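All remarks here apply to the structure that follows.
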């Protein structure tokens, strides 16, 4: 119960409308001219000193994007985005190349310190942190530092900004980039392919168990700037990696665009565990500002007996449009999706997953917990599909929604399609409400209203929290309470 | 000591308590009997501080302090406990976790240190054994899938653990077979004394055979209409409530 107590203490120290990570870093930036055209694409590619094939790849994506229309099928409502009114590249001055910690602008280091992200290897080595986590810190469009590279290198693990990987490991990048999420996949993925800035690249060699957790921390700082990160993770045969991703942004009155692409590839007997705690600025209590989060995340279980597991805790963003998916191509491969999506205020969430069963004897599991409070709308949208050759595909889906108050909405939209008669798909769904009686019961036993709500919600999401790495689970628990702040009247 | 003076309460516009006066002394076991709709459950909810009850007039004092403006949690920390007629389920929250959260919240509100986990476990196990509550039940989510008897035993376990100054038992006998009733009553009786007061609310004399009261109050149409010794309950069993409800709305 220490965590719940901590949660409550954290909540109490905050103002009703306070987003903890809403501060701005004053730092000079090098930006691309406003707007989007072929020159913008060339500008970004040139800044990153990319080879010609990648410049062409981007331009091809840009030309396709121009012919595409923004998807409108999600249950989210927002004004038309003016893509010409945005900056597509912004880098803190003087961060052009890879850096060691000593070379990083102290202002940036202070930013990450304030966010509670450990960047100093010394401190971590000295045992201040019990478990070691290697961090790639991405600030607007560039990676500012990656820790523990040397030590990971000894195990043969590559962990670096993707812009660096393009130059240092061109054959790996060229082989896998766009192989899970094709350039033409969807409007936002195609846009990302044209203008992607930075993100992480991970390669785990055959048979290697990555010696520590890898994590990337994304921060949007600059005004009117989109962040288009690109992450590529390859787990070679028989390897294992656990990867964490965190996101925050300053409070701003206007909306900011975030359109990321994440591709995971698991070869034979490999396992990738990918966890996200997404806490982008959600907008204020009137629904002003906040991040538009349009993300394409997909994993390919390419080899036999491979496994990909997505765990997400989504509490931020004004709009979330996100469906981390698994292509179960290898025989006996397994996909998992564990999600906690919390919406409060005026947030709109349309999130879920796709499990595409292609190989034989593949299995998948989906556990989704949606919590809506305030005037928010929270939709689970999920697809489970078995190809006609996918013998013995198995899926279990459990989709629970919890409503707090009477002005929010929860929606469940499952798409289930089996083209092979041996498939066994199960779908369970519930919708419930925290009742006044439940709250009163807890309060009569001595818990104040926020403590009682935190306890009930933590019980509701327990199955998913258990999937998170330990430190993240505690963080997530705190975040849940903060996100629901002010939801009990 | 609980002192209620001239209490007037409306629920959704309807008058339920109409000038109720009641005093329960330290260490006293008082029974309130009355027909359906006389306001017994409303009384227990108002004392415990449930929202949606409009107190128009009057005061409720616990050990001399006016508790009407206090939150339910503050009242609980001052030693008020309600055995619910229908205990609530809390999915996903292990009973042990819930007990610890409740106990520590109350201790914190009183400025006391948290109970060390080992000491806490010891206390829970001892109390659970007396009430026939298995370790397995303590690991299961609060009241989820519990039978009526198990839920009531869990209420008594919470009472034993939280050691209230003043406990209200709201129709504790409803939904209990005779064996379960005996176990619960024994649990409650073990907590009698040490200045602890009990307010036993019931329709039937039966419960009072197991938890003998010091005084009996009869409630009708939102107020106490008669008070007496234990024999008053027996008389009621014989004659029914007709004497007290004449002219009352159905």
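Residue numbers (full-length UniProt numbering), protein chains in the order written: chain A, 1 to 489; chain B, 1 to 250.
Glycine included, every Cβ here is placed at the ideal spot set by N, Cα and C.
Keep in mind it's a predicted model, so treat the numbers as computed, not measured.
Beta-carbon contacts of residue i that lie in its chain and below 7 Å, excluding the five residues immediately before and after
| i | result |
| --- | --- |
| residue 206 of chain A | 236, 237, 238, 239 |
| residue 194 of chain A | 41, 58, 61, 62, 65 |
Residue i versus residue j: straight-line alpha-carbon distance, rounded
| i | j | result |
| --- | --- | --- |
| residue 106 of chain A | residue 218 of chain A | 18 Å |
| residue 294 of chain A | residue 188 of chain B | 58 Å |
| residue 140 of chain B | residue 93 of chain B | 8 Å |
| residue 444 of chain A | residue 400 of chain A | 27 Å |
| residue 397 of chain A | residue 198 of chain B | 48 Å |
| residue 303 of chain A | residue 393 of chain A | 16 Å |
| residue 196 of chain A | residue 142 of chain B | 49 Å |
| residue 57 of chain B | residue 71 of chain A | 60 Å |
| residue 46 of chain A | residue 430 of chain A | 51 Å |
| residue 186 of chain B | residue 337 of chain A | 49 Å |
| residue 174 of chain B | residue 85 of chain B | 7 Å |
| residue 246 of chain A | residue 276 of chain A | 6 Å |
| residue 35 of chain B | residue 177 of chain B | 21 Å |
| residue 38 of chain B | residue 414 of chain A | 50 Å |
| residue 310 of chain A | residue 171 of chain B | 49 Å |
| residue 355 of chain A | residue 299 of chain A | 10 Å |
| residue 78 of chain B | residue 108 of chain B | 12 Å |
CB contact below 8 Å: residue i versus chain A
| i | result |
| --- | --- |
| residue 213 of chain B | no |
| residue 90 of chain B | yes |
| residue 166 of chain B | no |
| residue 71 of chain B | yes |
| residue 120 of chain B | no |
| residue 232 of chain B | no |
| residue 141 of chain B | yes |
| residue 158 of chain B | yes |
| residue 84 of chain B | yes |
| residue 51 of chain B | yes |
| residue 123 of chain B | no |
| residue 76 of chain B | yes |
| residue 188 of chain B | no |
For residue i, the three-state DSSP class (helix, strand or coil)
| i | result |
| --- | --- |
| residue 45 of chain B | helix |
| residue 433 of chain A | strand |
| residue 490 of chain A | With chain A running from 1 to 489 in the structure shown, residue 490 of chain A is simply not present. |
| residue 59 of chain B | strand |
| residue 322 of chain A | strand |
| residue 415 of chain A | strand |
| residue 68 of chain B | coil |
| residue 3 of chain B | strand |
| residue 247 of chain B | Unreliable positioning characterises residue 247 of chain B in this predicted model, as indicated by a pLDDT of 49, which lies under 50. The coordinate reading is nonetheless provided below. Of the three classes helix, strand and coil, the one that applies to residue 247 of chain B here is coil, per DSSP. |
| residue 154 of chain B | helix |
| residue 462 of chain A | helix |
| residue 91 of chain B | strand |
| residue 161 of chain A | strand |
| residue 378 of chain A | strand |
| residue 77 of chain A | coil |
| residue 217 of chain A | strand |
Test: residue i CB closer than 8 Å to a CB of chain B
| i | result |
| --- | --- |
| residue 428 of chain A | no |
| residue 292 of chain A | no |
| residue 459 of chain A | yes |
| residue 451 of chain A | yes |
| residue 446 of chain A | yes |
| residue 455 of chain A | yes |
| residue 484 of chain A | no |
| residue 441 of chain A | yes |
| residue 438 of chain A | yes |
| residue 167 of chain A | no |
| residue 129 of chain A | For residue 129 of chain A, the pLDDT reaches just 42, beneath the cut-off of 50, and the residue's location in the model is therefore unreliable, although a value from the coordinates is still provided. So no, residue 129 of chain A is outside the interface. |
| residue 462 of chain A | yes |
Contact set for residue i: own chain, Cβ-Cβ below 6 Å, skip 5 residues either direction
| i | result |
| --- | --- |
| residue 340 of chain A | 313, 369, 461, 464 |
Own chain residues within Cβ distance below 8 Å of residue i, not counting five before or after
| i | result |
| --- | --- |
| residue 227 of chain B | 215, 216, 217, 218 |
| residue 162 of chain B | 76, 81, 102, 103, 106 |
| residue 376 of chain A | 343, 344, 345, 346, 347, 348, 349, 408, 409 |
| residue 132 of chain B | 153, 183 |
Beta carbon proximity, residue i to chain D, threshold 8 Å
| i | result |
| --- | --- |
| residue 227 of chain A | Absent from the structure: chain D. Protein chains present are A and B. |
### Query
Three or more beta-carbon pairs under 8 Å between the stretch 215–228 of chain B and the stretch 6–20 of chain B, yes or no?
yes
### Query
Below 8 Å, can you find three or more Cβ-Cβ pairs linking the stretch 184–191 of chain A to the stretch 150–158 of chain A?
no
#### Entry: Stretch-stretch touch, CB-based, cutoff 8 Å, three pairs: the stretch 56–63 of chain A with the stretch 169–186 of chain A
yes
### Query
Quick check: the stretch 317–337 of chain A against the stretch 74–92 of chain A, are there 3 or more CB pairs under 8 Å?
yes
### Query
Are the stretch 194–211 of chain B and the stretch 15–34 of chain B touching, with three or more C-beta to C-beta distances below 8 Å?
yes
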